[in-house]
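Let me begin by presenting the structure, written as structure tokens, before commenting on it.
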Amino acid sequence: AEMKRFSNVNTSVLKQHYEKKVQDLEQEKKALQGTKYAHFLIPDREIEELRYKLASISSTSDDGAQKLEVEYLQKLNVLEALKKQDAQSQLLRQKQKSDEAAKRLQDEIHRIKTQKAIL
């Protein structure tokens, strides 16, 4: 479809068009590959509450407080593990999207370079 637009245009204009397009696609590819995955911060009020409760319980030394402390520590560990697991799965999804986009761009660059070589 793009070739039909340029059917009446001389080859130097066509060459410039495709060179510009290749440069744009290569820049977009580099930008996607260079993207650092942002840390996914999940606001966990529950984790903060458990930390607060742990801090207040730590000052007491009776058996009930120690049992609560152990329970809170277990809950805290589970919640933090879930938070890390969620962040990891989000990173994996983002990486897959980025890889797919980079592959599409690479294919497009290859296609444009092939068309340019034919000209």
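Residues in the sequence shown are numbered from 1 upward in steps of one, following UniProt numbering.
Glycine included, C-beta positions come from ideal geometry on N, C-alpha and C.
Practice prompt. Quick one: grab the DSSP three-state call for aspartate 62.
Written response: Looking up residue 62 in the sequence shown gives position 62. Coil.
Worksheet entry | DSSP three-state assignment for phenylalanine 40, whether helix, strand or coil | Residue numbering aside, residue 40 sits at position 40 when the sequence shown is read from its first letter. In this prediction, phenylalanine 40 scores a pLDDT of 41, lower than 50, which makes its location untrustworthy; no coordinate-derived value is stated.
Worksheet item: Between the region 92 to 110 and the region 20 to 29, do three or more beta carbon pairs fall short of 8 Å?
Response: Because the criterion of three Cβ pairs below 8 Å is met, the region 92 to 110 and the region 20 to 29 touch.
Worksheet entry | Straight-line gap, glutamine 88 to serine 98 (C-alpha atoms, nearest Å) | Residue 88 sits at position 88 when you count from the first residue of the sequence shown. Residue 98 sits at position 98 when you count from the first residue of the sequence shown. Rounded to the nearest angstrom, the gap between the Cα atoms of glutamine 88 and serine 98 is 15 Å.
Worksheet item: Hey, how far is the Cα of leucine 50 from the Cα of glutamine 90?
Response: Mapped onto the sequence shown, residue 50 falls at position 50. Mapped onto the sequence shown, residue 90 falls at position 90. Distance between leucine 50 and glutamine 90, taken at the CA atoms: about 25 Å.
Practice prompt. Whole angstroms is fine: what's the gap from leucine 105's alpha carbon to arginine 45's?
Written response: The residue you call residue 105 lines up with position 105 of the sequence shown. The residue you call residue 45 lines up with position 45 of the sequence shown. Spanning the alpha carbons of leucine 105 and arginine 45 requires a straight line of approximately 41 Å.
Worksheet item: Between the C-alpha atoms of glutamine 16 and lysine 116, what's the straight-line distance to the nearest angstrom?
Response: Position 16 of the sequence shown, counted from the start, is the residue given in the question as residue 16. Position 116 of the sequence shown, counted from the start, is the residue given in the question as residue 116. In this model, glutamine 16 and lysine 116 are separated by some 10 Å (Cα to Cα).
Practice prompt. Please classify leucine 119: does DSSP put it in a helix, a strand, or coil?
Written response: Counting from one through the sequence shown, the residue named residue 119 turns up at place 119. Here leucine 119 sits in coil by DSSP.
Item to complete: Just the C-alpha distance for leucine 76 and threonine 114, rounded to the nearest angstrom, thanks.
Response: Position 76 of the sequence shown, counting from 1, holds the residue named residue 76. Position 114 of the sequence shown, counting from 1, holds the residue named residue 114. Taking the CA atoms as reference points, leucine 76 sits about 56 Å from threonine 114.
Fill in: isoleucine 118, buried or exposed, once every other Cβ within 10 Å from all chains shown has been counted against 16
Within the sequence shown, numbered from 1, the residue matching residue 118 stands at position 118. Isoleucine 118 should be labelled exposed.
Worksheet entry | Backbone CA spacing between isoleucine 57 and glutamate 100 [nearest angstrom] | Numbered from its first residue, the sequence shown carries residue 57 at position 57. Numbered from its first residue, the sequence shown carries residue 100 at position 100. A direct Cα-Cα distance of roughly 50 Å separates isoleucine 57 from glutamate 100.
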